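Asker: Chains as they are written, first to last, in the working numbering: chain P, 2 to 255; chain C, 0 to 403.
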Amino acid sequence: MAVSAVHLESDAFLVCMNHALSTEKEEVMGLCIGEVDTNRIVHIHSVIILRRSDKRKDRVEISPEQLSSAATESYRLAEMTGRPMRVVGWYHSHPHITVWPSHVDVRTQAMYQMMDQGFVGLIFSCFIEDKNTKTGRVLYTCFQSVHLNKIKIEIPIHVIPHEAIGKVCLESAVELPRILCQEEQDTYRKIHRWVASEAQGSIQFVFTKNLCSQMSAVSGPLLQWLEDRLEQNKQNIIELQLEKERLTQELATM
Amino acid sequence: MEDSNSYIRVSGFVLGSLMFQHLNSDSDVEGLILGETKAEERSNITDSQIDNIQFEHTINIQKHISCRKLYSFYNRIGEVNQDEIRHILSNYKEENVIGWYKQRRNTDQQMTFREQVVHENLKRALSNHELIFLLLTPSEITTSGSTHKLEYAVYRSHGSQYCSVPVLVSNLGLLEEQDYWRLSASCSSVNYNHAVRKHRSKFFSSDGSLHEVDEINDMNNSLQGELKMACKKVEESERLVEKLLADISDLRRTVNERKQELREISADGASTLAQPQENVLLCEVIKTLFPGASLLQTQALNFQGFPLPEFCCSTDHGIDIATTLPLILSHTLPKARKGRLGRGGGTSWRKRPLRESSEVPKRKKGMLEETEESLSVSGSETEEDLIPANQNGNNLDVSNSPVF
Numbered sequence: 002m003a004v005s006a007v008h009l010e011s012d013a014f015l016v017c018m019n020h021a022l023s024t025e026k027e028e029v030m031g032l033c034i035g036e037v038d039t040n041r042i043v044h045i046h047s048v049i050i051l052r053r054s055d056k057r058k059d060r061v062e063i064s065p066e067q068l069s070s071a072a073t074e075s076y077r078l079a080e081m082t083g084r085p086m087r088v089v090g091w092y093h094s095h096p097h098i099t100v101w102p103s104h105v106d107v108r109t110q111a112m113y114q115m116m117d118q119g120f121v122g123l124i125f126s127c128f129i130e131d132k133n134t135k136t137g138r139v140l141y142t143c144f145q146s147v148h149l150n151k152i153k154i155e156i157p158i159h160v161i162p163h164e165a166i167g168k169v170c171l172e173s174a175v176e177l178p179r180i181l182c183q184e185e186q187d188t189y190r191k192i193h194r195w196v197a198s199e200a201q202g203s204i205q206f207v208f209t210k211n212l213c214s215q216m217s218a219v220s221g222p223l224l225q226w227l228e229d230r231l232e233q234n235k236q237n238i239i240e241l242q243l244e245k246e247r248l249t250q251e252l253a254t255m
Numbered sequence: 000m001e002d003s004n005s006y007i008r009v010s011g012f013v014l015g016s017l018m019f020q021h022l023n024s025d026s027d028v029e030g031l032i033l034g035e036t037k038a039e040e041r042s043n044i045t046d047s048q049i050d051n052i053q054f055e056h057t058i059n060i061q062k063h064i065s066c067r068k069l070y071s072f073y074n075r076i077g078e079v080n081q082d083e084i085r086h087i088l089s090n091y092k093e094e095n096v097i098g099w100y101k102q103r104r105n106t107d108q109q110m111t112f113r114e115q116v117v118h119e120n121l122k123r124a125l126s127n128h129e130l131i132f133l134l135l136t137p138s139e140i141t142t143s144g145s146t147h148k149l150e151y152a153v154y155r156s157h158g159s160q161y162c163s164v165p166v167l168v169s170n171l172g173l174l175e176e177q178d179y180w181r182l183s184a185s186c187s188s189v190n191y192n193h194a195v196r197k198h199r200s201k202f203f204s205s206d207g208s209l210h211e212v213d214e215i216n217d218m219n220n221s222l223q224g225e226l227k228m229a230c231k232k233v234e235e236s237e238r239l240v241e242k243l244l245a246d247i248s249d250l251r252r253t254v255n256e257r258k259q260e261l262r263e264i265s266a267d268g269a270s271t272l273a274q275p276q277e278n279v280l281l282c283e284v285i286k287t288l289f290p291g292a293s294l295l296q297t298q299a300l301n302f303q304g305f306p307l308p309e310f311c312c313s314t315d316h317g318i319d320i321a322t323t324l325p326l327i328l329s330h331t332l333p334k335a336r337k338g339r340l341g342r343g344g345g346t347s348w349r350k351r352p353l354r355e356s357s358e359v360p361k362r363k364k365g366m367l368e369e370t371e372e373s374l375s376v377s378g379s380e381t382e383e384d385l386i387p388a389n390q391n392g393n394n395l396d397v398s399n400s401p402v403f
């Protein structure tokens, strides 16, 4: 039976958006962790960033190891929240592409739904620009597949306010540079075996250059955002403490 | 010939953070943007032109400071409050402000008149003529609510005209695996290879790996360590913010409940005061003077003004009128009257508080009809005497207060 709606917590949305906006050259993907209630509403509390083992555009695969680590993450979230959590969906990005799922996306979604009818798919479309008005655009959609016909159905999605960022979401967010570095190291090691010795220097220069680009394009801005967030929180804490004292005094005089 | 190109660069994390702020708010949000501006001059020499100069103006958006509420640094007519801007900026410098932003749902991607006025005033206040305005407008694009869109654009004014500036979201972009395969052609020169081998040890370690690879890996590991530490600090601060928000929410609820209770208590008090306290002395006097006259003893009237004998007080208040108010009994009426009350229809009866009979002058019947003085129960007048002549004999057809 189709899911009635998806409620995506805003801090989980933030991680998805950061991931989707990290690169315009390839599609990124991840898994959604949460729970489904009796009204068939899927609540997504956190996401896990995944490495794409096969980066060809028409292949979207999740390895068994990744599914296993996703399950581990679910148990961790379940322990923290005291509620049963599991993998309830997946998301991927469409850089420079329309937000609507392709026939490959719909087929992949249908395959996941064979394991779990309540599994949902999210797509984030970014790096879209209207050349005339110079307006940038980011879109997101939620869908499921109708199993027999392999066509998509739209699922309403609502982003639920969550003013403070959860621990699991923060940890997922800082996984991104580590995953990118690992991918780069794996690519380098794979090529290193095949390249002649006189070309080793060249590929090592490429590796160094790519890692530097990752640090300046992803790790640096992420660290800056974390420091700004900390500063903003410190200001907020001062103001909130004043407000709390004021209310406590008001209550005491009543 | 000069050409000018301007670009705005913003990282995906800042754009995501802006979206996150608006998603957690049910109204419009706005704030200040901090960053830096870089200008580059490039000259191109072509066959036709020797001095083709291109100016590239890049504005980097580094962070945003959100305002707690709307209209915090400007008023309804767009006048900017510089003190408030300094307060919002707190530790940040005013010269780092490169613009401001607004996020509003389901609206056009177009500056409103007020926004234009605020922008001009802010330019003057900050002495920054290159000030930018970032407008984000989220909306739903399907009726089912399955698909949502966020449009964003940056505007800058030139005189009275506003034009949009392209926004580039900086990202990993061009990192491709193909870079590894773009190897330069090998050189077969013996002397070339001899020179490269001579200096090889300065670049490569004994296992053939480039020194820089180890260095860059170490640098990256340090950066990962910094990220983990920053993440931990942010997480602690988020939990503190969360706890404070929860405490404030509880306190507000308790204060509101307490206010409600106090309102109810004062309302009860007021309604208690409004209820007349039984005048037990009067009650006993009436019972003594008019025993058995329930129409006179009752203090309850119906909506038509008729006394309700079933509500007369049957409580013995334990007051001995003979000892408490002896003078009243010395002027006892010869007989008790039942059911004869004053009537309405143009005659108004006025009460006055009970006084000692010695203070009350004796009145004649005519004086009562002429003066504004209230009636007194002392004296020789009977109740019958006090009733005006225009009564129609129906004892219960009254709309005014009974006479005491």
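Glycine included, each C-beta is placed from N, C-alpha and C at the ideal position.
These numbers were taken from a predicted model, which means no experiment stands behind them.
Kindly say whether Cys66/C, judged by its beta-carbon, lies nearer than 8 Å to any beta-carbon of chain P.
Answerer: No, no contact with chain P.
Asker: In the DSSP assignment, find the unbroken beta strand (DSSP E) run with Pro165/C in it and report its ends.
Answerer: Counting along the chain, Pro165/C falls outside any beta strand (DSSP E), and DSSP gives it neither H nor E.
Asker: Is the Cβ of Ala321/C closer than 8 Å to any Cβ of chain P?
Answerer: So, not an interface residue.
Asker: Quick one: Cα of Asp117/P to Cα of Lys168/P, how far?
Answerer: Distance between the alpha carbons of Asp117/P and Lys168/P is about 27 Å.
Asker: Which one of Ile166/P, Met115/P, Thr209/P has the shortest CA to CA distance from Glu185/P?
Answerer: Ranking Ile166/P, Met115/P, Thr209/P by Cα distance to Glu185/P puts Thr209/P first.
Asker: What is the DSSP secondary structure of Trp195/P, reduced to helix, strand or coil?
Answerer: Trp195/P falls in the helix class under three-state DSSP.
Asker: Within 8 Å, do at least three Cβ pairs link the segment 25-40 of chain C to the segment 286-294 of chain C?
Answerer: No, they do not touch.
Asker: Could you tell me how far apart the beta carbons of Asp14/C and Val233/C are, in whole angstroms, since I believe they sit closer than 8 Å?
Answerer: According to the sequence provided, residue 14/C is Leu. The question's Asp does not apply to it. Not a contact, Cβ separation roughly 18 Å.
Asker: Look at the Cβ atom of Leu17/C, then the Cβ atom of Tyr100/C, and state whether they are nearer than 8 Å.
Answerer: Yes; because the gap between Cβ atoms is below 8 Å, this pair is in contact.
Asker: Chain P partners of Ile247/C, CB-CB under 9 Å?
Answerer: Those within 9 Å of Ile247/C in chain P are Leu241, Glu244, Lys245, Leu248.
Asker: In angstroms with no decimal places, state the Cα-to-Cα distance between Met255/P and Leu307/C.
Answerer: Their backbone Cα atoms lie some 44 Å apart in a straight line.
Asker: Taking Cβ positions, are Lys135/P and Ser5/C nearer each other than 8 Å?
Answerer: Contact flag unset, no.
Asker: Report the residue from Thr136/C, Glu94/C, Thr106/C, Thr146/C whose alpha carbon sits nearest the alpha carbon of Leu121/C.
Answerer: Nearest C-alpha to Leu121/C: Glu94/C.
Asker: Any chance the segment 144-156 of chain C sits against the segment 139-149 of chain P, with 3 or more Cβ pairs inside 8 Å?
Answerer: Segments in contact, yes.
Asker: Give a yes or no on whether the C-beta atoms belonging to Val88/P and Cys33/P are separated by under 8 Å.
Answerer: The answer is yes: Cβ separation under 8 Å.
Asker: Determine, using beta carbons only, whether Leu248/P and Leu250/C come nearer to each other than 8 Å.
Answerer: It is a contact, given that the beta carbons lie within the stated cut-off.
Asker: Taking Thr287/C as part of the alpha helix (DSSP H), name the residues at either end of that continuous run.
Answerer: Looking at the DSSP string, the run of the alpha helix (DSSP H) that includes Thr287/C is 279-288.
Asker: When burial is assigned at 16 or more other CB atoms within 10 Å of the CB, is Tyr76/P buried or exposed?
Answerer: The residue in question, Tyr76/P, is exposed, as its Cβ has fewer than 16 Cβ neighbours within 10 Å.
Asker: Give the secondary structure of Tyr73/C by DSSP, where H, G and I count as helix, E and B as strand, and everything else as coil.
Answerer: Strand, per DSSP.
Asker: Quick check: Val121/P and Val16/P, are their CB atoms within less than 8 Å of each other?
Answerer: It is not a contact, given that the beta carbons lie outside the stated cut-off.
Asker: Looking only at its chain, what residues have a beta carbon closer than 8 Å to the beta carbon of Met81/P, apart from the 5 residues adjacent to it on each side?
Answerer: Within the same chain, Met81/P has close Cβ partners Lys168, Val169.
Asker: Under 7 Å, CB to CB, which of the residues in the segment 134-159 of chain C have a partner in chain P?
Answerer: Per Cβ criterion, the list reads Thr141, Ser143, Gly144, Ser145, Thr146, His147, Lys148, Leu149, Glu150, Tyr151, Ala152.
Asker: Quick check on Phe19/C: buried or exposed, where buried means 16 or more other Cβ atoms within 10 Å of its Cβ?
Answerer: Flag for Phe19/C reads buried.
Asker: What alpha helix (DSSP H) runs, 4 residues minimum, are completely inside the segment 9-60 of chain P?
Answerer: With a minimum length of 4 residues, the continuous alpha helix (DSSP H) runs that stay inside the segment 9-60 of chain P are 11-21.
Asker: For chain B, is any of its Cβ atoms less than 8 Å away from the one on Val168/C?
Answerer: In the structure shown, chain B does not exist; the protein chains are P and C.
Asker: Quick check: Val219/P and Pro178/P, are their CB atoms within less than 8 Å of each other?
Answerer: Yes. Within cutoff.
Asker: Please check the pair Ile192/P and Arg52/P, which I expect to be a contact at CB under 8 Å, by giving their CB distance rounded to whole angstroms.
Answerer: Ile192/P to Arg52/P, Cβ: 17 Å. No contact.
Asker: Taking C-beta to C-beta, are Val107/P and Lys151/P nearer than 8 Å?
Answerer: Closer than 8 Å, so yes.
Asker: Can you find the residues in the same chain that come closer than 8 Å, C-beta to C-beta, to Val9/C, ignoring five residues on each side of it along the sequence?
Answerer: So the qualifying residues of the chain are Asn59, Ile60, Val166, Leu167, Val168, Ser169.
Asker: Taking the continuous beta strand (DSSP E) assigned at Gln233/P, which residues delimit it?
Answerer: Gln233/P -> not in any beta strand (DSSP E); alpha helix (DSSP H) instead, spanning 221-254.
Asker: Tell me which same chain residues have a C-beta within less than 7 Å of the C-beta of Ile264/C, skipping the five on either side of it?
Answerer: There are no such residues.
Asker: Quick test of the definition: if touching needs 3 or more C-beta pairs under 8 Å, does the segment 214-227 of chain C touch the segment 154-165 of chain P?
Answerer: Result no; under three Cβ-Cβ pairs closer than 8 Å.
Asker: DSSP three-state label for Pro308/C, please.
Answerer: Helix, per DSSP.
Asker: Considering only the alpha carbon of each residue, which of Phe54/C, Ile87/C, Gln115/C, His86/C lies closest to Glu78/C?
Answerer: Here the closest residue by C-alpha is Gln115/C.
Asker: How many angstroms separate the CA atom of Ser203/P from the CA atom of Val212/C?
Answerer: Roughly 11 Å separates the two Cα atoms.
Asker: So what does DSSP say about Lys62/C, is it helix, strand or coil?
Answerer: Reduced to three states, the DSSP call for Lys62/C is strand.
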